[in-house]
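Residue numbers (my numbering), protein chains in the order written: chain E, 626 to 740; chain V, 693 to 802. Cβ atoms here follow ideal geometry from the backbone N, Cα and C, with glycine treated the same way.
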Amino acid sequence: GAVVSQHPSRVICKSGTSVKIECRSLDFQATTMFWYRQFPKKSLMLMATSNEGSKATYEQGVEKDKFLINHASLTLSTLTVTSAHPEDSSFYICSAAGGSRDTQYFGPGTRLTVL
Amino acid sequence: QKEVEQNSGPLSVPEGAIASLNCTYSDRGSQSFFWYRQYSGKSPELIMSIYSNGDKEDGRFTAQLNKASQYVSLLIRDSQPSDSATYLCAVKTSYDKVIFGPGTSLSVIP
């Protein structure tokens, strides 16, 4: 149980384009989903927290207009990187949590490369 | 003081030895604690969670929690080369936020 999928696993795009990443909880209802980014050999950096049906809460320094998050249902959240630039190239990972213990289960991640 | 700290790595242990990973946290009201393993280039995977003081065992893994000392550890018995990874400690704080530590890199030498 507690499987989280993420799509796509890898994406290469041109500078200036937008990229959408999907995160799905496959076998449980995720009341909260989290989006992280991670640079090589660095720690996880929380970008935002989203609850189903409400606006995402962004961490300090994360541009909400650049990283659009939608949590439309209890099993799906999306992250759209708008007008991507090479410095947005990173490993983006979602996680989902449900229940009172708030254990987070991670998706496999999306490796974004912006040319 | 950082909210969640882990002993700096990399930590190297010989195959078959016990690996000991440590984590301290600053919020005394924290109630939930998690250990994740992350292989290079992959996302974190949950190893175990612990909520009460004492030890919790799952196979070769034992988590130890001491809330009075604000300390949580992970012991890996009979370490295998496949255990080589970065281990992340995560703490759910009293203000309902899960904070991840920076991770400790473990290398098990055959």
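Sequence-distant residues of its chain with Cβ nearer than 7 Å to residue i (five each side left out)
i, result
"residue 758 of chain V", "745"
"residue 737 of chain V", "728, 729"
"residue 709 of chain V", "771"
"residue 645 of chain E", "703, 705"
CB contact check: residue i to chain V, cutoff 9 Å
i, result
"residue 627 of chain E", "yes"
"residue 714 of chain E", "no"
"residue 738 of chain E", "no"
"residue 646 of chain E", "no"
"residue 728 of chain E", "yes"
"residue 637 of chain E", "no"
"residue 643 of chain E", "no"
"residue 655 of chain E", "no"
"residue 633 of chain E", "no"
"residue 723 of chain E", "no"
"residue 669 of chain E", "yes"
"residue 630 of chain E", "no"
Interface flag, residue i vs chain E, CB-CB below 9 Å
i, result
"residue 734 of chain V", "yes"
"residue 706 of chain V", "no"
"residue 767 of chain V", "no"
"residue 794 of chain V", "yes"
"residue 753 of chain V", "no"
"residue 777 of chain V", "no"
"residue 728 of chain V", "yes"
"residue 759 of chain V", "no"
"residue 790 of chain V", "yes"
"residue 703 of chain V", "no"
"residue 784 of chain V", "yes"
"residue 738 of chain V", "yes"
"residue 722 of chain V", "no"
"residue 798 of chain V", "no"
9 Å Cβ cutoff met for residue i and residue j
i, j, result
"residue 703 of chain E", "residue 647 of chain E", "yes"
"residue 771 of chain V", "residue 707 of chain V", "yes"
"residue 778 of chain V", "residue 731 of chain V", "yes"
"residue 740 of chain V", "residue 750 of chain V", "yes"
"residue 669 of chain E", "residue 792 of chain V", "yes"
"residue 636 of chain E", "residue 737 of chain E", "yes"
"residue 695 of chain V", "residue 719 of chain V", "yes"
Start and end residues, beta strand (DSSP E) containing residue i
i, result
"residue 653 of chain V", "Since the first residue shown for chain V is 693 and the last is 802, residue 653 of chain V is missing from the structure and cannot be characterised."
"residue 636 of chain E", "635-638"
"residue 649 of chain E", "644-650"
"residue 737 of chain V", "737-742"
"residue 729 of chain V", "724-730"
"residue 692 of chain E", "692-698"
"residue 668 of chain E", "Careful: residue 668 of chain E lies outside any beta strand (DSSP E) and carries neither H nor E."
"residue 711 of chain V", "711-717"
Close Cβ partners of residue i (< 8 Å) along its chain, the five nearest in sequence each way excluded
i, result
"residue 651 of chain E", "628, 629, 630, 700"
Neighbourhood of residue i by C-beta distance below 6 Å, restricted to the same chain and skipping five residues each side
i, result
"residue 656 of chain E", "723"
"residue 721 of chain E", "629, 650, 655, 658, 730"
"residue 763 of chain V", "716"
"residue 702 of chain V", "797, 799"
Contact test: residue i Cβ vs the ligand ATP heavy atom, cutoff 8 Å
i, result
"residue 742 of chain V", "In terms of ligand content, the structure shown is empty, and the ligand ATP therefore cannot be addressed."
Does the stretch 727-736 of chain E come close enough to the stretch 677-693 of chain E to have 3 or more Cβ pairs within less than 8 Å? no
Original post:
Hey, is the stretch 775-788 of chain V in contact with the stretch 717-728 of chain V, meaning 3+ C-beta pairs nearer than 8 Å?
Top reply: yes
- Please confirm if the stretch 661-674 of chain E is in contact with the stretch 638-646 of chain E, defined as three or more CB-CB distances below 8 Å between the two stretches. no
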